[in-house]
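Asks: Below you will find the structure I want to go over with you.
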Amino acid sequence: MLDKFLWVGFPYIALALAVVVSILRFTWKPFSYSSLSSQFLENKQLFWGSGLWHWGILWVLTGHLVAFLIPRQILAWNSAPFRLYLLETSGLIMALLALVGVVALMVRRGSSSRVKAVTSTMDWVLLCLLLLQVTTGIDTALRYRWGSSWYASNAVPYLWSLLLLSPRPELIQPLPWLPKIHILSGFSLILIIPFTRLVHFLVVPISYYWRKPQVVIWNRKGLR
Amino acid sequence: MNPKLIFGPIPRAARREVPCSVISKPARWPDLMLVPALLAAGSIGQAQDAEAQFRKTCMSCHTIGAGKKVGPDLKDLGKRRPHEWSAKFIIGPIAMIDGGDPTATALLRENNGVKMPELGVTAPEAQALLKLIDDYSAQGKTLGTAAISRPATPEDIRRGRLYFTGDLRFKSGAPACMSCHRAQGVGGWGGGWLGPDLTGATAKYGAGLSGVIENPSFPTMQGVFIKTPASAEEAFQVAAYLKSVGSQPPAKRDVAFPVLGVVGLIGGMVLGGHLGRKRLKGVRKNLKPRA
């Protein structure tokens with residue numbers, strides 16, 4: 001019963017809430033769709049925290065997404081041990097960068113009084129979940145190698161089975177608890193997307209890459 | 225020492241639930257017309273369930289009509305032994321062997337001392353399996369592939385290692401063994417750690433190893449290999465490789481992977497710091513004169 005809830009019920013609840021509440025929030029509070037940047041309040045620590053976190057997690061997330069979309073090709077890539085080691089090592093390095101990044105973000109949010117003043121409880125919930133997600137992911141990669149292969153062969157069919165409304169929890173049930181916690185915290189993160197500033201990844205301003213550059217002037221000399 | 229097959233209990237497959245709405249109200253004429261169709265559909269469903277059960281629990285060691293594996297070919301089992309005895313043996317083989325049942329003891333002798341393991345099969349499941357065996361025997365159909373009886377050659381061992389590492393891919397597209405398992409002789413940073421070290425697998429599974437690879441009855445593997453099984457030849461060659469390293473100690477955990485990860489982390493931070501030094505000045509410096 002618990003297994004059914006964890007691997008079938010909870011993922012659907014998380015996905016449904018994420019979709020519905022995200023739409024409602026976008027409809028009712030469109031201006032709240034933001035990372036609520038605190039760069040103006042503190043910038044030095046943010047460079048290390050935000051920079052390392054985003055570079056690391058984007059690589060790792062892309063890896064998860066690519067394997068989700070083309071698992072057979074990932075297995076084919078991994079069929080040469082050198083390529084498998086290359087993929088695993090690059091993933092581990094980027095995950096470690098993300099770990100340092102999220103820890104730096106937590107230290108910053110706890111130590112800077114200006115940032116503390118704009119920090120909510122949900123910010124801490126989000127950061128703690130992100131830390132749990134990255135830590136369990138790295139630990140899984142080290143303890144139960146080679147995750148890129150068995151993620152493609154075991155976890156990806158499970159994720160597809162959820163999307164196709166024909167859940168196959170039996171693919172996840174026999175796995176050790178560590179990757180299971182990783183999967184559960186992943187669904188928890190999906191669940192809290194619309195309730196936190198994580199919602200900003202749904203409205204990434206990618207047009208910045210092709211729009212004309214702008215100079216933002218913070219202070220004009222002699223104006224005061 | 226006689227090799228013994230030791231499996232853990234296998235979780236029960238998800239059962240097909242038969243809707244009972246049809247019988248929860250008084251039957252009318254159109255409802256009654258549905259009964260034969262429902263019965264037929266139910267019997268097809270049961271046959272499919274029994275076949276899935278056979279693949280899961282029996283096919284590592286037995287076939288129906290395809291020849292001997294670790295255990296005997298089960299074709300015409302119903303003609304050789306009464307169903308009551310067979311069902312009892314399927315449900316609790318160890319108890320019958322240890323209890324000195326004469327037929328079970330004779331079977332143990334005939335099959336090189338390989339004991340049939342406890343498979344967690346219930347009485348209704350055993351009956352369904354026996355019906356499946358009867359039906360296949362009567363129709364002349366086969367299920368499973370016979371064991372390869374020729375001795376393994378050095379080429380088999382070489383190819384088995386390549387299947388293990390993934391350099392040779394299984395025809396079904398199944399992942400390489402080293403995704404989850406390790407064994408001596410893999411090389412590089414070794415194999416995976418999700419599953420056990422297979423260096424000593426031959427000592428554990430004996431002659432049954434090939435069948436276990438071909439039809440693994442482990443929950444973690446079943447979800448994957450039920451759709452993409454290794455062929456009998458591939459399984460035989462992987463088993464030959466594992467047998468060739470069987471006398472060596474278990475593989476050690478390689479530390480190069482985490483060490484390289486930490487080195488990469490430090491390199492990444494140094495690079496990030498270097499690239500980010502002029503992050504606020506670089507763009508503005510060029511744009512301000514133009515503004």
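Protein sequences appear in the order of chains A and B. Just so you know, we're using my numbering here: the first sequence kicks off at 1 and counts up by one. Just so you know, we're using my numbering here: the second sequence kicks off at 225 and counts up by one. Where a beta carbon is used, it is the ideal one built from N, C-alpha and C, also for glycine.
Does the CB of residue 210 of chain A have a neighbour CB from chain B at under 7 Å?
Replies: No, no contact with chain B.
Asks: How big is the Cα-Cα spacing for residue 217 of chain A and residue 182 of chain A?
Replies: Taking the straight line from one Cα to the other gives about 43 Å.
Asks: With a threshold of 7 Å between beta-carbons, can residue 260 of chain B be considered close to chain A, or not?
Replies: Interpretation of residue 260 of chain B is limited by its pLDDT of 48, a score under 50 that renders its predicted location unreliable; no figure is taken from the coordinates.
Asks: Between A:191, A:115, A:157, which lies nearest to residue 169 of chain A when the distance is taken from Cα to Cα?
Replies: It is A:157 whose Cα lies nearest to the Cα of residue 169 of chain A.
Asks: Could you check whether the Cβ of residue 234 of chain B sits closer than 7 Å to any Cβ belonging to chain A?
Replies: Here residue 234 of chain B scores only 37 on pLDDT, less than 50, and its place in the model should not be relied on; the value that follows carries that caveat. No, its Cβ sits nowhere closer than 7 Å to a Cβ of chain A.
Asks: Counting C-beta neighbours from all protein chains within 10 Å, is the total for residue 151 of chain A 16 or more, i.e. buried, or is it exposed?
Replies: Classification of residue 151 of chain A: buried, given that the 10 Å Cβ count is 16 or more.
Asks: Here's the rule: buried if 16 or more other CB atoms are within 10 angstroms of the residue's CB, otherwise exposed. What is residue 313 of chain B?
Replies: Buried.
Asks: Enumerate in chain order the residues of its own chain whose CB-to-CB distance from residue 26 of chain A is below 7 Å, with the five nearest sequence positions on each side excluded.
Replies: Cβ neighbours of residue 26 of chain A beyond the five flanking positions: 33.
Asks: Determine which residues of the segment 417-450 of chain B have a Cβ less than 7 Å from any Cβ of chain A, and write them out in chain order.
Replies: So the close ones are 417, 418, 443, 444, 447, 448.
Asks: By the 10 Å Cβ neighbour count, where 16 or more other Cβ atoms means buried, how is residue 117 of chain A classified, buried or exposed?
Replies: Exposed is the call here.
Asks: Shortest alpha-carbon distance to residue 189 of chain A belongs to which of A:131, A:77, A:138?
Replies: Of A:131, A:77, A:138, the residue nearest in Cα terms is A:131.
Asks: Out of curiosity, what's the CA-to-CA distance linking residue 370 of chain B and residue 456 of chain B?
Replies: Taking the straight line joining both Cα atoms gives about 8 Å.
Asks: What's the C-alpha gap between residue 408 of chain B and residue 148 of chain A?
Replies: Whole-angstrom Cα-Cα distance: 22 Å.
Asks: Alpha carbon to alpha carbon, how far is residue 92 of chain A from residue 163 of chain A?
Replies: So the alpha carbons of these two residues sit roughly 28 Å apart.
Asks: In terms of residue numbering, what span does the alpha helix (DSSP H) encompassing residue 459 of chain B cover?
Replies: It spans 456-468 - the alpha helix (DSSP H) in which residue 459 of chain B sits, taken as one unbroken run.
Asks: Do the CB positions of residue 466 of chain B and residue 426 of chain B come within less than 7 Å of each other?
Replies: For residue 466 of chain B and residue 426 of chain B, yes; Cβs fall inside 7 Å.
Asks: From residue 396 of chain B to residue 197 of chain A, what does the alpha carbon distance come to, in whole angstroms?
Replies: Cα-Cα distance, rounded: 45 Å.
Asks: The alpha helix (DSSP H) with residue 19 of chain A in it runs from where to where?
Replies: Note, residue 19 of chain A: alpha helix (DSSP H), 10-28.
Asks: Spatial neighbours of residue 274 of chain B within its chain, please: CB distance less than 7 Å, with the 5 preceding and 5 following residues excluded, ordered by chain position.
Replies: Only 352, 353, 355, 356 meet the Cβ criterion.
Asks: Whole-angstrom Cβ separation of residue 384 of chain B and residue 461 of chain B, contact assumed at under 8 Å?
Replies: Residue 384 of chain B to residue 461 of chain B, Cβ: 4 Å. Contact.
Asks: Comparing alpha-carbon positions, which option in A:124, A:94, A:87, A:88 lies nearest residue 105 of chain A?
Replies: Of the listed residues, the one whose Cα sits closest to residue 105 of chain A is A:124.
Asks: In this structure, how does DSSP classify residue 300 of chain B when only helix, strand and coil are distinguished?
Replies: Three-state result, residue 300 of chain B: coil.
Asks: Decide yes or no for the touch test of the segment 82-101 of chain A against the segment 40-59 of chain A: beta carbon pairs closer than 8 Å, at least 3 of them.
Replies: Contact between the segment 82-101 of chain A and the segment 40-59 of chain A is present, because at least three Cβ pairs lie under 8 Å.
Asks: By Cβ distance, which residues of its chain are closer than 6 Å to residue 361 of chain B, with the 5 residues on each side in sequence left out?
Replies: Answer for residue 361 of chain B: 299, 300, listed in chain order.
Asks: Can you pull the chain A residues whose beta carbon is under 7 Å from the beta carbon of residue 484 of chain B, in chain order?
Replies: Simply 89.
Asks: Across the segment 320-328 of chain B and the segment 419-436 of chain B, are there enough close Cβ pairs to call them in contact, namely three or more that are closer than 8 Å?
Replies: Too few Cβ pairs lie closer than 8 Å, so no.
Asks: Can you check which of these residues, B:451, B:488, B:445, is closest to residue 86 of chain A by C-alpha distance?
Replies: It is B:488 whose Cα lies nearest to the Cα of residue 86 of chain A.
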